[in-house]
Amino acid sequence: MFDDYDQAMNDTQISDQPELSREDLAYLDWARKIARRGWGRVHPNPLVGCVLVLNNQIVGEGYHREFGGPHAEIIALEDAKSKAEGATAYVSLEPCNHEGKTPPCSQALVQAGIARVVYGVAEPGIKEGGGKDMLSRGGVEVVGPVWDSIAGRMENPSFFHSQTHGTPYIALKLALSLDGYIGIRGGVRTRITGVDAEREVHRLRTGFDAILIGTETLRVDNPRLTVRMAPHGRRPVRRLVLDARAELPSDAAIFDDVELNPLHIFTHQDASESEITRLELLGAHVHSVPRTNRGLDLESIMVVVHELGVQSVLCEGGAKLANSLIRKDLVQRLYLFIAPKTLGAGGVAAFSDGEGTLEWEDFLPSLPPEMHGRDTLIVLDRKSD
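The opening position of the sequence shown corresponds to residue 3 in the numbering used here, with each subsequent residue numbered one higher.
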């Protein structure tokens with residue numbers, strides 16, 4: 003299933019584009035890879051990388067480093083200086099053509115004397131688009147988009163999701179044994195992966211607006227859900243906790259950082275007013291939502307989350323919450339950390355076998371597998387959303 007990642011990327015290439023050389027594709031791929039260095043610092047803006055090449059030599063490169071700061075193209079032009087004239091710019095996302103926190107990148111490329119632009123994915127936003135036309139009018143040869151929107155969602159999933167949906171983008175993170183379990187039995191904390199994988203989870207947190215867990219996970223693991231093992235992102239990550247009866251203990255670790263890391267608790271509409279007041283006095287923001295026969299109404303919760311300005315959510319909850327999100331088709335990405343161990347019969351299965359179980363054929367590999375210590379991270383995206 004995962005051996006075809008490179009083929010999956012190749013399949014995103016648009017067939018009616020002018021033929022590109024292997025060098026063109028290599029430079030464009032490098033622009034895509036350096037763009038990832040902006041993770042956690044630029045959202046809700048997209049990750050973008052730019053490479054400037056003259057006479058088959060890289061003369062400048064850059065990536066969007068900070069929200070509100072210079073875009074990738076501007077940094078690459080500053081890096082190249084006078085060598086930018088006559089160069090080809092390889093950009094992972096179509097250069098913008100609007101005046102925002104920074105000037106239009108397409109205009110800057112024209113003024114710098116760039117001769118050719120090859121870009122990976124078309125800008126999905128109406129306001130931000132139009133860079134291709136601006137470049138062409140400025141006498142620049144433009145090739146793109148080289149890849150389709152699937153490639154765009156691979157690199158900037160929440161950004162692309164927010165352009166067409168009125169709901170938060172949801173990714174699900176799970177640590178699994180080789181036999182598909184997340185714990186030895188219910189209610190018992192089980193360490194599946196090692197410290198390197200844990201460090202990567204902390205890094206992933208910085209690229210999301212919020213982290214979501216259920217009451218059972220909080221009761222068993224007593225997590226803080228903050229970033230401690232990686233450089234902090236540009237802003238604190240909000241913590242979202244499902245607590246239908248407002249029974250979260252006052253001494254839970256998640257309250258320790260409530261002044262710096264906002265905490266939102268979702269309860270049932272019939273939860274005790276005194277318990278809700280207790281949680282609010284501890285610093286939490288409490289939201290009452292309807293209940294279904296399976297628990298709190300997740301769709302109502304996501305409406306509230308979206309109204310809070312949250313565009314992306316990383317769910318780190320347990321199997322019950324994971325399967326509830328899957329049942330509602332709310333999960334757009336899977337981060338699966340696979341540990342080289344088995345837990346044996348009687349463990350807590352990551353995915354249920356009943357109604358609403360995960361349909362593996364609905365997901366495709368979006369990033370190549372990564373090793374974090376002895377554990378393997380596999381990333382899958384929903385085929386269409």
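From the three backbone atoms N, C-alpha and C, an ideal C-beta is built for every residue, glycine too.
The model shown is predicted, which means the values in this text are computed figures rather than measured ones.
Checklist entry - What separation, rounded to the nearest whole angstrom, lies between the Cα atoms of H204 and G140? => result Position 202 of the sequence shown, counted from the start, is the residue given in the question as residue 204. Position 138 of the sequence shown, counted from the start, is the residue given in the question as residue 140. The straight-line gap from Cα to Cα measures roughly 44 angstroms.
Checklist entry - My guess is that V93 and V119 are in contact by the Cβ rule of under 8 angstroms, so how many angstroms apart are they, rounded? => result If you number the sequence shown from 1, residue 93 lands on position 91. If you number the sequence shown from 1, residue 119 lands on position 117. The pair is a contact, with the Cβ atoms about 7 angstroms apart (cut-off 8 angstroms).
Checklist entry - So, helix, strand or coil for A347, using DSSP? => result Counted from its first residue, the sequence shown places residue 347 at position 345. Three-state result, A347: coil.
Next on the checklist: Between which residues of its own chain and G235 is the CB-CB distance below 6 angstroms, once the five residues before and five after are set aside?
Outcome noted: As a working note, residue 235 is residue 233 in the sequence shown. Contacts found: G42, T208.
Item to check | Contained beta strand (DSSP E) runs [length at least 3] in the region 306-352, N- to C-terminal order | outcome: 314-317, 335-340
Checklist entry - Does the separation of the CB atoms of A212 and L242 fall below 8 angstroms? => result As a working mapping, residue 212 is identified with position 210 in the sequence shown. As a working mapping, residue 242 is identified with position 240 in the sequence shown. It is a contact, given that the beta carbons lie within the stated cut-off.
Next on the checklist: Judging by CA-CA distance, which residue of K322, K83, L206, I267 is the nearest neighbour of M231?
Outcome noted: Counted from its first residue, the sequence shown places residue 231 at position 229. The shortest C-alpha separation from M231 is found at L206.
Next on the checklist: From the DSSP secondary-structure annotation, give me the bridge partner or partners of M373.
Outcome noted: Locating residue 373 in the sequence shown gives position 371, counting from the first residue. Note: M373 sits in a beta bridge opposite T378.
Item to check | the region 25-33 touching the region 190-199, judged by at least three CB pairs closer than 8 angstroms | outcome: no
Checklist entry - Which one or two residues does DSSP pair with T90 in a beta bridge? => result Numbered from its first residue, the sequence shown carries residue 90 at position 88. In the DSSP output, where bridge partners are listed per residue, T90 has V55, R118.
Item to check | Cβ pair T219, A246 closer than 8 angstroms | outcome: The sequence position of residue 219 within the sequence shown is 217, counting from 1. The sequence position of residue 246 within the sequence shown is 244, counting from 1. No, the Cβ-Cβ distance between T219 and A246 is not below 8 angstroms.
Item to check | Continuous beta strand (DSSP E) stretch holding S401: start and end | outcome: Shown here, the chain extends from 3 to 387; a query on residue 401 therefore has no answer.
Item to check | Continuous alpha helix (DSSP H) stretch holding R34: start and end | outcome: Your numbering for residue 34 matches position 32 in the sequence shown. Its alpha helix (DSSP H) spans residues 24-37.
Next on the checklist: Determine whether the beta carbon atoms of R335 and V260 lie at a separation below 8 angstroms.
Outcome noted: Locating residue 335 in the sequence shown gives position 333, counting from the first residue. Locating residue 260 in the sequence shown gives position 258, counting from the first residue. No.
Checklist entry - To the nearest whole angstrom, what separates the beta carbons of I328 and L360, a pair I think is in contact under 8 angstroms? => result What you label residue 328 is simply residue 326 of the sequence shown in a count that begins at 1. What you label residue 360 is simply residue 358 of the sequence shown in a count that begins at 1. Confirmed, about 5 angstroms.
Checklist entry - By how many angstroms is the C-alpha of V61 removed from the C-alpha of A89? => result For the purposes of this step, residue 89 is identified with residue 87 of the sequence shown, where counting begins at 1. For the purposes of this step, residue 61 is identified with residue 59 of the sequence shown, where counting begins at 1. In a straight line, the C-alpha of A89 is about 8 angstroms away from that of V61.
Checklist entry - S160: buried (16+ other C-beta within 10 angstroms of its C-beta) or exposed? => result For the purposes of this step, residue 160 is identified with residue 158 of the sequence shown, where counting begins at 1. By the 10 Å Cβ count, S160 comes out buried.
Next on the checklist: At the level of alpha carbons, what is the spacing between A91 and P105?
Outcome noted: Position 89 of the sequence shown, counting from 1, holds the residue named residue 91. Position 103 of the sequence shown, counting from 1, holds the residue named residue 105. In a straight line, the C-alpha of A91 is about 17 angstroms away from that of P105.
Checklist entry - Considering T359, what are the terminal residues of the beta strand (DSSP E) in which it resides? => result Sequence index remark: in the sequence shown, residue 359 carries index 357 (1-based). T359 -> no beta strand (DSSP E), and no H or E assigned at all.
Checklist entry - By Cβ distance below 6 angstroms, which residues in the same chain neighbour R293 in space, the five residues on each side in sequence not counted? => result If you number the sequence shown from 1, residue 293 lands on position 291. Counting only Cβ-Cβ distances below 6 angstroms, and skipping sequence neighbours, we find H270.
Checklist entry - From this set, A110, Q113, A153, which residue's C-alpha is nearest A124's C-alpha? => result By 1-based counting over the sequence shown, the position of residue 124 is 122. Minimum Cα distance to A124 is reached at A153.
Checklist entry - At what residues does the alpha helix (DSSP H) containing V112 begin and finish? => result Position 110 of the sequence shown, counted from the start, is the residue given in the question as residue 112. 107-113 is the span of the alpha helix (DSSP H), which, as asked, contains V112.
Item to check | Close beta carbons around G216, own chain, < 8 angstroms, minus the five adjacent residues each side | outcome: In the sequence shown, residue 216 corresponds to position 214, counting from 1. So the qualifying residues of the chain are V243, L244, G319, G320, K322, L323.
Checklist entry - So L265 and I256 are in contact, right, with Cβ under 8 angstroms, and what is the actual spacing, rounded? => result Here residue 265 refers to the residue found at position 263 of the sequence shown. Here residue 256 refers to the residue found at position 254 of the sequence shown. Correct: roughly 6 angstroms between the Cβ atoms.
Checklist entry - Do F210 and L316 have their C-beta atoms closer together than 8 angstroms? => result Walking along the sequence shown from the start, residue 210 turns up at place 208. Walking along the sequence shown from the start, residue 316 turns up at place 314. Yes.
Next on the checklist: Distance check for P170 and S314, CA to CA, integer angstroms please.
Outcome noted: Reading the sequence shown from its first residue, position 312 is the one you call residue 314. Reading the sequence shown from its first residue, position 168 is the one you call residue 170. Computed Cα separation, rounded: 5 angstroms.
Checklist entry - Which term fits K453, buried or exposed, when burial requires 16 or more other beta carbons within 10 angstroms of its beta carbon? => result Residue 453 falls outside the range modelled here, since the chain spans only 3 to 387, and no answer is possible.
Checklist entry - Roughly how far, in whole angstroms, is the beta-carbon of A177 from the beta-carbon of T195, given that I think they are within contact range, below 8 angstroms? => result As a position in the sequence shown, residue 177 is number 175, starting the count at 1. As a position in the sequence shown, residue 195 is number 193, starting the count at 1. Contact flag correct, Cβ pair sits at about 5 angstroms.
Item to check | CA nearest to the CA of A74, picked from R39, P46, T228, L56 | outcome: Position 72 of the sequence shown, counted from the start, is the residue given in the question as residue 74. Measuring from the Cα of A74, the nearest candidate turns out to be R39.
Next on the checklist: Can you give me the C-alpha to C-alpha distance between S276 and A173, rounded to a whole angstrom?
Outcome noted: As a first step, residue 276 is located in the sequence shown; it is residue number 274 there, counting from the start. As a first step, residue 173 is located in the sequence shown; it is residue number 171 there, counting from the start. Computed Cα separation, rounded: 34 angstroms.
Checklist entry - Given a threshold of 16 other Cβ atoms within 10 Å of its Cβ, counted over all protein chains shown, does S368 qualify as buried or as exposed? => result As a working note, residue 368 is residue 366 in the sequence shown. With 16 or more Cβ atoms within 10 Å of its Cβ, S368 is classed as buried.
Next on the checklist: Counting C-beta neighbours from all protein chains within 10 Å, is the total for E63 16 or more, i.e. buried, or is it exposed?
Outcome noted: Position 61 of the sequence shown, counted from the first residue, corresponds to residue 63. Classification for E63: buried.
Checklist entry - Rounded to a whole number of angstroms, what is the C-alpha to C-alpha distance between Y121 and R237? => result Locating residue 121 in the sequence shown gives position 119, counting from the first residue. Locating residue 237 in the sequence shown gives position 235, counting from the first residue. Approximately 30 angstroms, taken between the alpha carbons.
Next on the checklist: Tell me the rounded alpha-carbon separation between D383 and S164.
Outcome noted: Sequence index remark: in the sequence shown, residue 383 carries index 381 (1-based). Sequence index remark: in the sequence shown, residue 164 carries index 162 (1-based). Each residue's alpha carbon lies about 16 angstroms from the other.
Item to check | Where F69 falls: helix, strand or coil (DSSP) | outcome: Taking the sequence shown and counting its residues from 1, one reaches residue 69 at position 67. Here F69 sits in coil by DSSP.
Item to check | L180 beta carbon less than 8 angstroms from that of I340 | outcome: For the purposes of this step, residue 340 is identified with residue 338 of the sequence shown, where counting begins at 1. For the purposes of this step, residue 180 is identified with residue 178 of the sequence shown, where counting begins at 1. Yes. Within cutoff.
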